[in-house]
Amino acid sequence: MYKEKLRVQDLSEGMILFSDVCTQSGQLIMNSGTILSHYLIEKLNQYQIDSVFVEVPERPDHITSNPIKIGMEPTSYLERVKESQEFAEFHKVYFNHMKNFEMQLNDIVNSSSTSIDIDALLTTPITLVNSIDTTFGIFDLLLNIRHLDDSTYAHSLNVSIIANIVGKWLHLSERDLKVLTSCGLLHDIGKLLIPQEILQKPGKLTPEEFDLIKQHTTYGYALLKDKEIDPRIKASALLHHEKADGSGYPLGKKRENLPFFSQIITIVDTYEAMTANRVYREGLCPFKVIKLYEEEGFSKYNVQILMTFIEKLVQTYIGYTVRLNDGRIGKIVFINRLDLSHPIIESNSTFIDLAKERNLEIETLL
Ligand SMILES: [Fe+2]
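If you want it as structure tokens, here you go:
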């Protein structure tokens, strides 16, 4: 490993310090081996440090006129998932089934028949759930899929798969599990009647466009209401954007008037959309997702379902390596049941309780 001296303004996230950094008065502020984050680079600026030594890969062309290229952001967790054999296999099965699933949904939209072959429809999510036996969590595989396919079909399929898992966590019967998985598959079917250019519009929506998108709930219900299917599937299409405090749409119903299954779909749908669109694009961190749920407030969701969901979700990350916002790297060893977004981290034989050290947080999974 070589070292190279870089000005602080030329540093970028992910670079690793080759030597300790001290202030002019000799106070140690960062250890060698620290991986630089945006926060830490800011800190160097605050301490008015001019330049530091960073690690440079051991290769003949290590001296370059473009120092930013040295010590680039290490491969992110999400990228590692994407490059794995497990993802390659999952991806193959997923897209093999996708065409058929698209046809099935379009048939429901276009056909006047009142019957829907739910068992045929369930083949895709059930096959996918059963195909997964990986070291990466299914949530991380699904997320990578969504980066490749932003369609309503992929979103619906992902929601149905996650709903199936959540249904098992809630100990639903086999029969109810099928209904819940179907609720996930068909909850957004009304979106197939909304013009693509509005759904995929990159910029801000006009109030009229937003109103139109909101109508996918009533459109979906209208498509399903005369079909011979479980009424909970129809209700989920209509009510999955309702919130327990009455702030949702289309009817502004409150928790006491919302069916249990549609409340499950609301949480799963929010999670899927939130992770696909926001958090994970900047580096996967389920703990940031949980924090977002905490910010949204338990007032908006069914608390029993939400607690089960985030508690189980967090547990799937025990043993994972993470980087904290002060640059330290450690392993998640224990989940605080009363503070799910702040687990205990073991780093260099020290236990860091994030519930107590409130200035620290998990920045990313490694
Ligand atoms: Fe929706």
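Residues 1 to 366 (the UniProt record's numbering) make up the sequence shown, in order.
We put the beta carbon where it would ideally sit given N, CA and C, even for glycine.
Being a predicted model, the structure only gives us computed values, none of them experimental.
- Screening all residues for a C-beta within a distance smaller than 7 Å of any heavy atom in ligand 1 leaves His187, Asp188, Lys191, His216, Thr217, His240, His241 and Asp269, in chain order.
- Per DSSP, reduced to three states, the secondary structure at Cys285 is coil, with no helix or strand assignment.
- For Arg146, the enclosing alpha helix (DSSP H) has its first and last residue at Ile138 to Leu148.
- Annotated three-state conformation of Ser236 is helix, per DSSP.
- Annotation: the segment 262-327 contains the following complete segments of the alpha helix (DSSP H) (minimum length 4 residues), in chain order: 286-296 and 303-315.
- Residue environment analysis places Phe139 among the buried positions, since at least 16 neighbouring C-beta atoms fall within 10 angstroms of its C-beta.
- For Phe90, same chain residues with a beta-carbon under 6 Å away, outside a window of 5 residues either side, are Leu141 in chain order.
- In this structure, DSSP gives Arg7 an extended state, which the three-state scheme calls strand.
- The DSSP-derived three-state label of Ile345 is strand.
- Of Asp20, Tyr301 and Asp119, the smallest CA-CA separation from Leu239 is found for Tyr301.
- Going by beta carbons, Ile318 and Ser347 fall outside the 8 Å limit.
- Closest in alpha carbon position to Asn144, among Thr308, Tyr94 and Ser12, is Tyr94.
- Closest option to Lys291, judged by alpha-carbon separation, among His38, Glu363 and Phe261: Glu363.
- Secondary structure at Thr206: coil, using DSSP grouped into helix, strand and coil.
- In summary, Lys356 is exposed, with fewer than 16 beta-carbon neighbours lying within 10 Å of its beta-carbon over all protein chains present.
- Boundaries of the beta strand (DSSP E) harbouring Met30: Leu28 to Met30, taken from the DSSP string.
- Within 10 angstroms of the beta-carbon of Cys183 lie 16 or more other beta-carbons, which makes it buried.
- Within the model, the alpha-carbon separation for Gln196 versus Val268 is close to 23 Å.
- Put simply, the backbone Cα of Leu6 is about 20 Å away from that of Asp326.
- Listed in chain order, the non-local C-beta contacts of Tyr320 below 6 Å within the same chain comprise Ile332 and Leu365, local neighbours out to five positions each way being set aside.
- Taking C-alpha positions only, Phe101 is separated from Ala154 by approximately 9 Å.
- Proximity to Asp117 across Glu294, Glu86, His38 and Leu224 peaks at Leu224, based on C-alpha coordinates.
- Its chain contains no residue whose beta carbon lies nearer than 8 Å to that of Pro207 once the 5 sequence neighbours on both sides are disregarded.
- In the three-state reduction of the DSSP assignment, Leu172 falls in the coil class, being assigned neither a helical nor a strand state.
- Our two residues, Ile335 and Phe351, have alpha carbons roughly 12 Å apart in a direct line.
- The three-state reading of DSSP puts Gly252 in coil, since its state is none of H, G, I, E or B.
- As the crow flies, the alpha-carbon of Pro286 is around 30 Å from that of Val54.
- Distance from the CA of Leu177 to the CA of Val166, rounded to the nearest whole angstrom, comes to 9 Å.
- Following the DSSP letters along the chain, one finds Phe87 inside the alpha helix (DSSP H) bounded by residues Gln85 to Asn110.
- Shown here, Lys82 sits in a helix according to DSSP, grouped into three states.
- Cβ-Cβ distances below 6 Å link Tyr219 to Gly190 and Leu193 in the same chain, with the five nearest sequence neighbours on each side left out; the list follows chain order.
- Distance check between Lys3 and each of Phe18, Asp10 and Leu11 places Phe18 closest, using alpha-carbon atoms only.
- Beta-bridge partners of Ile16 (DSSP): Ile35.
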